[in-house]
Ligand SMILES: *Cc1c(COP(=O)(O)O)cnc(C)c1O
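In this note's numbering, the protein residues as written are 13 to 381.
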């Protein structure tokens, strides 16, 4: 479809930043550790296929994600690397057929998922087993995992290719000890399985937070996601979210004296009003720092974004006109609104949380492909 048919809202994503993060991870883990680049949620909002090609070209060995539809989209885009599918899809005839046809490694995490996979698998299939080593999320409890892994290995139809866990560590006290506790429980589960005669080719546990805390838990493979977009501690900062912009759709003076209590602005009536064609259905209510840049100046948002429009107070930018660029994130003239400014304004957690708010209707432009 012609891009002229689309709403003119653009996010510019700097693939060089993602490439630098990926290379830094490869440098940190060395050449022999398997590197799964985790790209859940449409590559954390940055866009699945371009980001997957970038990380595979910059040192990752494989992609891991949660959506089977996304895994198939990677294959259809020509990506041939291993793909690890974390728990999330229901195993039925059709999903398992696609997993086999597209050579995707599915995850087992409980009795129901094992029964469903076994009921539908045709040939021998490599699979992953997810362990809950204290993170209290998806996974086989680590104290019974040795037995579970051995049963999968003896099922005849499934080969244990990967055993993984995704540790949970917060900012609360004793994070290092809690991570060590989860590591030991995970290791013990793997040893229990090995004592039952199972060989585990790949043990994986280090996601971004772990890689940022220690290099002692790289095991056979690592599976960072956020660290593909935000540099690990101790490496140079990067910024993949380069710009979020839209044009002014209409600009006009405001001379309102009647029914001011009903005016949609609240507070002071602006002298000049701009409207941009981006609204909360695009995620803009979570993607703004309370102002945009127009003509190199900060212009405050007026009221709350509507579903597909947002009002701008152009009182201080008197020469602004329809078609001018309005920047929600990025630089214009000498001014800049950073993703950190937006995070401070919206109280989003991290850059990847911000990027996940970029709805699909915003056109993605890739810099430095
Ligand atoms: C999301 C996810 C990861 C990557 O986590 P980050 O914190 O983004 O590095 C790793 N493993 C599993 C199972 C995940 O769901």
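We treat Cβ as the ideally placed atom computed from N, Cα and C, and that holds for glycine.
Considering only 252, 127, 226 and 269, the residue with the shortest C-alpha distance to residue 379 is 252.
Of the other Cβ atoms in all chains shown, fewer than 16 fall within 10 Å of the Cβ of residue 271; this residue is therefore exposed. Along the length of the region 212-250, whole beta strand (DSSP E) runs at least 3 residues long occupy 214-218, reported in chain order. Exclusion of the five residues before and after residue 243 leaves 32, 33, 36, 249 and 250 as the residues of its chain whose Cβ lies within less than 8 Å of its Cβ. No Cβ-Cβ contact shorter than 8 Å links residue 48 with residue 367. If you look at residue 312, you'll find it isn't in any alpha helix (DSSP H); it sits in the beta strand (DSSP E) that goes 309-314. Non-local beta-carbon contacts of residue 307 in its own chain, meaning distances under 6 Å to residues more than five positions away in sequence, involve 329 and 332 in chain order. If you check the CB distance, residue 326 and residue 286 come in under 8 Å. The beta carbon of residue 220 sits closer than 7 Å to those of 236, 237, 238 and 239, all from its chain and outside the five residues before and after it, given in chain order. Minimum Cα-Cα distance from residue 377 among the listed residues 21, 168, 282 and 165 corresponds to 21. Contact check for residue 141 against residue 152 passes: the beta carbons are separated by less than 8 Å.
Listed in chain order, the beta strand (DSSP E) elements of length 3 or more contained wholly in the region 21-62 are 22-26 and 46-50. Of the candidates 156, 145, 124 and 211, the residue whose Cα lies closest to the Cα of residue 166 is 211. Listed in chain order, the non-local C-beta contacts of residue 62 below 6 Å within the same chain comprise 378, local neighbours out to five positions each way being set aside. Apart from sequence neighbours up to five positions away, the residues of its chain that approach residue 70 with a beta-carbon distance below 7 Å are 31, 34 and 35, ordered along the chain. Among the bridge pairs identified by DSSP, residue 76 is matched with 50 and 96.
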